[in-house]
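Take the sequence shown: its position 25, counting from 1, is numbered 25 in UniProt numbering, and each next residue is one higher. Quick reminder that beta carbons are idealized off the backbone N, C-alpha and C, glycines included. Small disclaimer: the values here were computed from a predicted structure and weren't measured. Written below as structure tokens is the structure these notes are about.
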Amino acid sequence: MTEQYITVGEIVNTQGVRGEVRVLPTTDFPERFAKNKKITLFLKNQRRNLTIEKVWPHKQFIIIKFAEIPDMTAAEKLKGGLLQVTTEELTPLPEDSYYIFQIVGLTVIDEKGQELGKVVQVLQTGANDVYVVKREQGKDILIPALKSVVKKIDVPGGKMEVELPEGLL
1 MTEQYITVGE IVNTQGVRGE VRVLPTTDFP ERFAKNKKIT LFLKNQRRNL
51 TIEKVWPHKQ FIIIKFAEIP DMTAAEKLKG GLLQVTTEEL TPLPEDSYYI
101 FQIVGLTVID EKGQELGKVV QVLQTGANDV YVVKREQGKD ILIPALKSVV
151 KKIDVPGGKM EVELPEGLL
């Protein structure tokens, strides 16, 4: 099986003249950049490992200096690159919590065992997430990620069991 990579940041620009880059974090755990010394860069369909030398926050960005990037000219070539980690490098979550990439693609079944569709997107609304379920026929279903609605998530089995509130379909 090929290794699965998860994007935790995107290099959006350079920062200064010493080879630092400006990273827009796409993770709920931006402190990972300060803790880890290695990260994988995905750019132009190729992956390479980089060594994190220095990290500091700046506005909504994380500024990173990589040991392999000596100056701004080299840093400019990294623009658009994605910083990625393997599933083994993910920050552990509390029990009954899942990463979005684990939820997308799950088959949703109701309490009667009827298949409703597949999760195609997770909307982060603030109060609670909402799962967008694509149906074979009909409109998409928006399912609130609440314990009263989502009864069971089986990531290895690829299923999510739900009990839909009246009128949701």
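Relative to the C-alpha of residue i, which residue among the options is closest?
| i | options | result |
| --- | --- | --- |
| F66 | E136, V17 and E53 | E53 |
| F33 | V122, I63, M72 and I141 | I63 |
| G113 | K38, E31, K152 and I69 | K152 |
| N36 | L142, L83, E115 and I103 | L83 |
| residue 198 | Q121, M72 and D96 | In the structure as shown, the chain begins at 1 and stops at 169. Residue 198 is therefore absent and cannot be evaluated. |
| T14 | L78, I39, Y5 and K159 | L78 |
| V155 | F101, G80, E31 and R48 | F101 |
| Y131 | M72, G138 and L123 | L123 |
| R135 | G126, E115 and K159 | E115 |
| V149 | I109, P94 and E31 | I109 |
| L90 | E31, E163, G167 and G19 | E31 |
| V23 | M72, V12 and P165 | V12 |
| K159 | T107, K59, E95 and A74 | T107 |
| E20 | E68, A75 and G81 | A75 |
| G81 | E88, Q46 and P94 | Q46 |
Secondary structure at residue i, three-state DSSP: helix, strand or coil?
| i | result |
| --- | --- |
| Q84 | strand |
| E115 | strand |
| T40 | strand |
| E53 | strand |
Can you tell me where the beta strand (DSSP E) holding residue i begins and where it ends?
| i | result |
| --- | --- |
| Q102 | That residue, Q102, is in no beta strand (DSSP E); its alpha helix (DSSP H) goes I100 to I103. |
| E89 | Careful: E89 lies outside any beta strand (DSSP E) and carries neither H nor E. |
Below 7 angstroms CB to CB, which residues in the same chain sit around residue i once its five sequence neighbours on both sides are set aside?
| i | result |
| --- | --- |
| N128 | P144, A145 and L146 |
| T26 | T7, V8, G9 and E10 |
Taking the alpha-carbon positions, what's the residue i to residue j distance?
| i | j | result |
| --- | --- | --- |
| K44 | V8 | 17 angstroms |
| I103 | V119 | 7 angstroms |
| T86 | Y5 | 5 angstroms |
| L50 | F42 | 10 angstroms |
| I39 | R48 | 8 angstroms |
| P92 | G105 | 21 angstroms |
| Q60 | Y98 | 24 angstroms |
| Q137 | D71 | 54 angstroms |
| P57 | G117 | 41 angstroms |
Just reading off the alpha helix (DSSP H) that residue i is part of, what are its end residues?
| i | result |
| --- | --- |
| F33 | R32 to K35 |
Can you list, in chain order, the residues of its chain whose CB lies under 6 angstroms from that of residue i, leaving out five sequence neighbours each side?
| i | result |
| --- | --- |
| E161 | I109, K151 and K152 |
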